[in-house]
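Residue numbers (our numbering): 1 to 156.
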Amino acid sequence: MSQAYALPYGVNAAGVTITRLGITTKKLLGKLGLPSGQLYGIPRQLLDARRSMGAVSDVDQENGLLPYEPAIPFIPSHVLSYNQTIWGMQHITSIPSMMESTSLVVAYGLDIYFTRDTPSGTFDMLNEDFSKSALLLTIVGLTVGIAVANPMVSTM
Numbered sequence: 001m002s003q004a005y006a007l008p009y010g011v012n013a014a015g016v017t018i019t020r021l022g023i024t025t026k027k028l029l030g031k032l033g034l035p036s037g038q039l040y041g042i043p044r045q046l047l048d049a050r051r052s053m054g055a056v057s058d059v060d061q062e063n064g065l066l067p068y069e070p071a072i073p074f075i076p077s078h079v080l081s082y083n084q085t086i087w088g089m090q091h092i093t094s095i096p097s098m099m100e101s102t103s104l105v106v107a108y109g110l111d112i113y114f115t116r117d118t119p120s121g122t123f124d125m126l127n128e129d130f131s132k133s134a135l136l137l138t139i140v141g142l143t144v145g146i147a148v149a150n151p152m153v154s155t156m
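The following block contains the structure:
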């Protein structure tokens, strides 16, 4: 099974995201042939060879497959270097971080650019509004419940 894809710009350097355990979805990294020299990430879902030619079935939709399009669209939110120009970028290297969701990316040539990428989102990080006090209160409540229930069960 194979499919061909075209990009609106040439790719001058390429790499792929790497994570600690390899669970996170991979993302193809590349320097597009733009004068701005930007680092661009293409999600694996856009490059999946299982994408259907016609309408997407329910099974394909459950598997996260998109309908096939031969041209990979340029999506500004996929630019990892934001509005920064990376002059003379020739190499893109990715190394895993301590968190599975995060890959550390270095693009270098005449300039050096470092960023972190989360191809599958930050599934192993707590939100800013996470209630740590509620978690602590739950743990204390469960500990007290076990301490009270243990003697009752042992007397039966």
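Built from N, CA and C at the ideal position, the CB exists for glycine as well.
- Restricting attention to P70, F114 and Q38, the CA atom closest to the CA of Y82 is found in Q38.
- For K27, the enclosing beta strand (DSSP E) stretches over residues K27 to L32.
- Annotated three-state conformation of V56 is coil, per DSSP.
- T138 and S57 have their C-alpha atoms some 43 Å from each other.
- Note on geometry: alpha-carbon atoms of Q90 and M99 lie some 27 Å from one another.
- P96 is a Cβ neighbour of T19, given a cutoff of 8 Å.
- Under the 8 Å Cβ criterion, the stretch 64-79 counts as touching the stretch 5-13, having at least three qualifying pairs.
- Segment contact: the stretch 98-112 against the stretch 17-31, three or more CB-CB distances shorter than 8 Å; contact assigned.
- Contact between N12 and K31 holds: CB atoms are separated by about 5 Å, below the 8 Å threshold.
- Pairing V105 with D117 gives a Cβ-Cβ distance under 8 Å.
- Considering only I42, G88, K132 and L46, the residue with the shortest C-alpha distance to D111 is G88.
- A Cβ-Cβ separation of about 5 Å places G41 in contact with H78 under the 8 Å criterion.
- In the DSSP assignment, S94 falls within the unbroken beta strand (DSSP E) covering H91 to P96.
- Following the DSSP letters along the chain, one finds I42 inside the beta strand (DSSP E) bounded by residues L39 to P43.
- Counting along the chain, the unbroken alpha helix (DSSP H) around I146 starts and ends at K132 to T155.
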